[in-house]
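For the sequence shown, our numbering begins at 1 and goes up steadily by one. Glycine residues also receive a C-beta, built at the ideal position from the N, C-alpha and C atoms. Taking it in order: structure first as structure tokens, then the write-up.
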Amino acid sequence: MMAVSKPTILLIDDDQLVLRSLAKALEKAGYNVLAVDGYDTAMAAIHDKNFDLVLSDIRMPGKNGVDTAKEIQDSLIANGKKDLPIIFITGYSGDEEKLQTPLLGETLYKPVDINRLLTIIRDYL
Ligand SMILES: [Mg+2]
Numbered sequence: 001m002m003a004v005s006k007p008t009i010l011l012i013d014d015d016q017l018v019l020r021s022l023a024k025a026l027e028k029a030g031y032n033v034l035a036v037d038g039y040d041t042a043m044a045a046i047h048d049k050n051f052d053l054v055l056s057d058i059r060m061p062g063k064n065g066v067d068t069a070k071e072i073q074d075s076l077i078a079n080g081k082k083d084l085p086i087i088f089i090t091g092y093s094g095d096e097e098k099l100q101t102p103l104l105g106e107t108l109y110k111p112v113d114i115n116r117l118l119t120i121i122r123d124y125l
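Dropping the structure here:
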């Protein structure tokens, strides 16, 4: 049988419960997941693997998810890689308008509807 490589998702959220439950659901759906808790750990990880998609919380201590996503894209492009599809997750209605997330990617509200999330991910990958 031919080995099919699984797409790899960089998951960013400062909430450990969300990290664990989303990582579990994504792995069950057949994805590799690297779960990190914020800007610093995301930036440290971004060149360690070839990621296929970024799934990021918006409200986090330090840099928010939107600024983190912008820096990830800039860093990938600066290193000759292609930018990645981004999906944001947030518990706060209004973040989409306030932070202009549609310019970067789709936004889902917490609690995340896993089926909807998987549908969006499948559309990208
Ligand atoms: Mg948060």
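Range covered by the alpha helix (DSSP H) that runs through residue i
i: D79; result: It is Asn, not Asp, that sits at residue 79 in the sequence shown. First-last for N79: undefined, no H or E at that position.
i: T119; result: I114 to Y124
i: K98; result: D95 to K98
Distance cut-off 7 Å: residue i Cβ against heavy atoms of ligand 3
i: D14; result: With respect to ligand 3, the structure shown offers nothing to examine, as its ligands consist of ligand 1.
Cross-strand partners of residue i (DSSP beta bridge)
i: T90; result: Y109
i: V18; result: According to DSSP, which records beta bridges pairwise, V18 is partnered with nothing at all.
i: L10; result: L34 and V54
CB contact below 8 Å: residue i versus chain D
i: I9; result: Annotation note: the requested chain D is absent from the structure, which comprises a single protein chain.
Own chain residues within Cβ distance below 6 Å of residue i, not counting five before or after
i: I114; result: A25
i: E96; result: T107
i: T8; result: N32, K49, F51 and D52
i: I86; result: V54, A69, L104 and G105
i: A143; result: Outside the shown range of the chain, which is 1 to 125, sits residue 143, and nothing can be said about it.
Environment of residue i [buried if 16+ CB atoms lie within 10 Å]
i: G65; result: buried
i: V54; result: buried
i: L117; result: buried
i: A78; result: exposed
Close beta carbons around residue i, own chain, < 7 Å, minus the five adjacent residues each side
i: D14; result: D37, G38, D57, M60 and P61
Same chain only: Cβ atoms within 8 Å of residue i, ignoring 5 sequence neighbours per side
i: K110; result: V18, I89, T90 and G91
i: A45; result: L10, L34 and V36
i: D40; result: G62
- Query: Where in the segment 39-68 do unbroken runs of the beta strand (DSSP E), each at least 3 residues long, occur, reported from the N-terminal end onward?
  - Reply: 53-57
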